[in-house]
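Count the sequence shown with the numbering used here and you get residues 1 to 283, in order. We put the CB at the ideal spot given by N, CA and C, even for glycine. Just below is one structure, and these are the notes that go with it.
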Amino acid sequence: MSGEQSWSKVNRVSNTGVSGDSYNVYFGMGHCFKLIDEPGVFKVSLAGLAFGSLLIRYLSKECTNGRFLDLGTGSGVHSFLLKGMGVKSVTATDISKEAVFVARRNELCNFGVNSIEFTFGDLFQGLSGGAEKYDVILFNAPGWRTPSASFLTALKKTGGVEGLPIDSMFYGDRTLERFFEELPGHLSDGGKVIIGLNSLVGIRQVMNRLEELHAEKYVIDCRLLERHDFPLLFYTEDWARIQNLLVDEVMSWTRKGEAYCSMQEDGKIIWSYEIVEITLWER
Ligand SMILES: C[S@@+](CC[C@H](N)C(=O)[O-])C[C@H]1O[C@@H](n2cnc3c(N)ncnc32)[C@H](O)[C@@H]1O
């Protein structure tokens, strides 16, 4: 799938109630959304586009009665897709207050009314339903693993980076471990997680951790639904400035078997985006 075909920039939209820059995202089957382009709110990436297009193929008509949770919703884009596909119960949450604020505005701009329950908090913490369990949980998870001490020292020497904070780029393995720890408390028996994993997080290790945590109490079924090779992008000018440091770090993870990427002849780094379905049944 070409990102260029599905993602177009629209400047200063005026007839939608949105002022400032926005961009269009197209997933297929006529599902197109206009999103506010706000610095600090995760812009839908090639991975997010692939995740959404998979949802269109994956979800059957019967699914629309299920309770859905979109964790790490960012702009809210996958919640809008669910709503557009007729899902009646959608809750969405993000650790970023700014993202949740923008997601609410995006919903209003695309649908004219707010019906998605947007909350903010760390993983499941902000959910107003508390002990409510969901039939399907979506998580296009943060991508890169915990950085090495030497990388952090070298980063400090460069004067650091602004724009996207380091915590929102790295430590994806720790976030996933906590997500898996808390998961059974929020997923209905036989419920499914559709999770987008970046090979730079160390997929084998995080999936092993899921087994360690829950295999005794749950039958865990994991299936790879789809896999894509995507180029590593340096999202802001600041990150582009330290790209050599970043490339050394991700290549060292690969050499040590902690994560995976490959380097093309032209020096471009390619990582693997893997969309996995996880089902948990109580034993
Ligand atoms: C890769 S982005 C995906 C955003 C959006 N779902 C998409 O696909 O465009 C990951 C999102 O997870 C959020 N996030 C990171 N850590 C989180 C946490 N501990 N709890 C909730 N959300 C988190 C980030 O703020 C970011 O919006």
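When Leu232, Ser188, Arg283 and Asn208 are compared, the shortest CA-CA separation from Asp135 is found for Ser188. For a cut-off of 8 Å, the C-beta gap from Phe80 to Glu107 is around 7 Å, short enough to register as a contact.
Around the CB of Val41, 16 or more other CB atoms lie within 10 Å, so the residue is classed as buried. Take the alpha-carbon of Phe180 and the one of Ser53: they are about 25 Å apart. With a cutoff of 8 Å on beta-carbon distance, Thr93 and Gly121 are scored as near each other. Assigned with DSSP and collapsed to three states, Arg57 falls in helix.
By the neighbour-count criterion, in which a residue is buried when 16 or more other Cβ atoms sit within 10 angstroms of its Cβ, Val113 is exposed. Taking all protein chains in view, the Cβ of Thr175 is crowded by 16 or more other Cβ atoms within 10 Å, so the residue is classified as buried. DSSP places His228 within a strand segment (E or B) once states are collapsed to three. Taking all protein chains shown into account, Pro147 has 16 or more neighbouring C-beta atoms within 10 Å of its C-beta and is therefore buried.
DSSP places Ala154 in the uninterrupted alpha helix (DSSP H) bounded by Ala149 to Lys157. Annotation for Trp144: no alpha helix (DSSP H) segment contains it, and DSSP assigns it neither H nor E. With respect to Leu49, Phe33 sits apart: the two C-beta atoms are not nearer than 8 Å. Relative to the non-hydrogen atoms of ligand 1, the Cβ of Asn140 comes within a distance shorter than 7 Å of at least one. In the DSSP annotation of this structure, the continuous segment of the beta strand (DSSP E) that includes Cys261 starts and ends at Cys261 to Met263.
Per DSSP, the continuous alpha helix (DSSP H) segment holding His78 begins and ends at Val77 to Gly84. Using a Cβ distance threshold of 8 Å, Glu182 and Leu224 do not count as a contacting pair. Residue burial is scored here from C-beta neighbours: Met29 has fewer than 16 other C-beta atoms within 10 angstroms and is therefore classed as exposed. With a cutoff of 7 Å, His186 does not count as near ligand 1, since its C-beta is closer than that to no heavy atom of the ligand. Comparing alpha-carbon positions, the option among Trp239, Asp229, Ser115 and Gln205 lying closest to Gly159 turns out to be Trp239. Looking only at Val219, Lys156 and Ala141, the smallest Cα-Cα distance to Gly202 is reached by Ala141. In this chain, the alpha helix (DSSP H) harbouring Gly172 covers Gly172 to Glu182.
Judged by DSSP in its simplified three-state form, Glu274 adopts strand. Excluding five sequence positions before and after Pro184, the CB atoms of its chain that fall closer than 7 Å to its own CB belong to His214, Tyr218 and Leu280, given in chain order.
For Arg67, no alpha helix (DSSP H) run applies; the uninterrupted beta strand (DSSP E) run containing it begins and ends at Arg67 to Leu71, by DSSP.
Apart from the 5 residues on each side of it in sequence, Met85 sits with its Cβ closer than 8 Å to the Cβ of His31, Leu55, Ile56, Leu59 and Thr64 in its chain, given in chain order.
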